[in-house]
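If you use this note's numbering, the sequence shown closes out at 435, no skipped numbers anywhere. We put the CB at the ideal spot given by N, CA and C, even for glycine. Reviewing the structure listed below.
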Amino acid sequence: MENGLSDEVLKAVFPLLDGKDLVFCMLVCRQWREIAKDDYFWKCICARKWPSICKQPPSDANYQKLYLTFSKPRTPQHLPVPKLTFEDLVFYIDMWLDGSLIFSQAVSGCILRGGLQNTPCGIPDVLVAHLTAPDCILMMEVEPKLEITMGPSITVSVLAHRKDTKKMACVINKSTFDYIDSNAARALAYEYLRFSPRYPFISDIRAWMSLLFLYKGTNVIEVFGIELDFCDAARSETEILWLLDMLDWK
186 MENGLSDEVL
196 KAVFPLLDGK
206 DLVFCMLVCR
216 QWREIAKDDY
226 FWKCICARKW
236 PSICKQPPSD
246 ANYQKLYLTF
256 SKPRTPQHLP
266 VPKLTFEDLV
276 FYIDMWLDGS
286 LIFSQAVSGC
296 ILRGGLQNTP
306 CGIPDVLVAH
316 LTAPDCILMM
326 EVEPKLEITM
336 GPSITVSVLA
346 HRKDTKKMAC
356 VINKSTFDYI
366 DSNAARALAY
376 EYLRFSPRYP
386 FISDIRAWMS
396 LLFLYKGTNV
406 IEVFGIELDF
416 CDAARSETEI
426 LWLLDMLDWK
């Protein structure tokens, strides 16, 4: 006997404990640990936590394992390495101003992942904070810069091509930049992503396209960069690649 308590006393007390206390009891000494392994004590705990499990218990039930598995706090899940890489991707970006094409480029995923190389002076602090955030930002410089008069509608389309599978997906389909964030000097357009039928329960995740600009007059902006992001669901490089991998590639 250890700690001055007989096995009989411990066996009488252990069924009255909650799961957390019984776990701590297993750490006291070898005697307590060996007695606490009796699945009867864990059955009592599970019966209080999930009373219905006693009505038709699984034939192979291990109540200690059941309690420990479903009572421990959730830990962050780390995504595995995605199959897709930015080297596999090409984005086809086209923009129109009142129906007239003003920007048209095929951009590799690596270029977008590389971000802006030269940030112009005079951009708002809000935009500076966004550009220096730790999130994965898909962004590129616009050269030559675009001078656009505010008022006429600007629309954008984005297709993506996978070199590894030779398939394409629609990311944005003729969406309008109908929201101007003056404080951050950004114009935004979005489109709800279309996912493969293999992922039927994923929805309401948007792709956002942003024009990054400087004011050049009362109603004139100069676009120096564009940004593509998926901030509804993905902020890290791994998350973005997994999200893109789930699109409806054809």
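Boundaries of the alpha helix (DSSP H) harbouring T423: E422 to D430, taken from the DSSP string. Rounded to whole angstroms, R391 and K352 show a C-alpha spacing of 21 Å. Minimum Cα-Cα distance from T270 among the listed residues D417, C295 and I387 corresponds to C295. Comparing alpha carbon positions, the residue from L428, P261 and L251 closest to S381 is L428. With a threshold of 16 other beta carbon atoms within 10 Å, S360 meets it and is buried. The count of Cβ pairs closer than 8 Å, one atom from the segment 416-426 and one from the segment 401-408, stays below three, leaving the stretches out of contact. Of the residues D433, D203 and Y400, the one whose Cα lies closest to the Cα of L344 is D433.
For E219, the closest of R233, S191 and I238 by C-alpha to C-alpha distance is S191. The straight-line gap separating the alpha-carbon atoms of K250 and K257 is approximately 11 Å.
When the five nearest sequence neighbours on each side are left out, the beta carbons in the same chain lying within less than 7 Å of the beta carbon of V311 are those of N368 and A369, in order along the chain.
Listed in chain order, the non-local C-beta contacts of W227 below 7 Å within the same chain comprise Y248, Q249 and Y252, local neighbours out to five positions each way being set aside. For the pair F199 and A221, the CB atoms are nearer than the 8 Å cut-off. With a 10 Å radius around the Cβ and a threshold of 16 neighbouring Cβ atoms, L286 comes out exposed.
Pairing L282 with I333 gives a Cβ-Cβ distance under 8 Å.
Burial check for F398: the Cβ neighbour count within 10 Å reaches 16 or more, so the residue is buried.
For Y225, the enclosing alpha helix (DSSP H) begins and ends at D224 to K234. Judged by beta-carbon spacing, F409 lies within the 8 Å limit of K330, meaning their Cβ atoms are closer than that value.
Separation of the CB atoms of L373 and S395 is rounded to 5 Å, and the pair is thereby assigned contact status at 8 Å. Sequence-distant Cβ neighbours of D349 in its own chain, meaning closer than 6 Å and more than five residues away, are D273. For T317, there is no enclosing beta strand (DSSP E), as DSSP marks it with neither H nor E.
The continuous alpha helix (DSSP H) containing L207 extends over residues G204 to C210. Just measuring C-alpha positions, the residue of R298, I278 and I411 sitting nearest A291 is I278. Following the DSSP letters along the chain, one finds E376 inside the beta strand (DSSP E) bounded by residues R371 to Y377.
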